[in-house]
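In UniProt numbering, the protein residues as written are 1 to 103.
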């Protein structure tokens, strides 16, 4: 339950930073805030991070359009699967191949 709530908070934060017009939010500030968020995410306990990763697709359904896509891509954008696989070189290689295919 707490992971869903935290994922929702993170999603709101990321959607705001990603989709707010440059006239309303300085792009440099948005980048700094995203980098700070990424640093905090890397510090989460791996079990909790797994719960968050699994929660993002679920909560994405509450959004529409571009915001839904932003939420669906949080795991990808912050390299969260890679953070979870840090001790698994085989999984890291799989993730790298998936990332290469996507880009």
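Backbone N, C-alpha and C fix where the C-beta goes; we use that ideal spot for every residue, glycine too.
Secondary structure of residue 4 (DSSP, three-state): helix. At least 9 Å separates the beta-carbon of residue 101 from that of residue 92. Given a length threshold of 4 residues, each whole run of the alpha helix (DSSP H) inside the stretch 11 to 99 is given here in chain order: 27 to 43, 46 to 60, 65 to 72, 74 to 77, 80 to 84.
Counting C-beta atoms within 10 angstroms of its own C-beta, residue 58 has fewer than 16 neighbours from the protein chains shown and is therefore classed as exposed.
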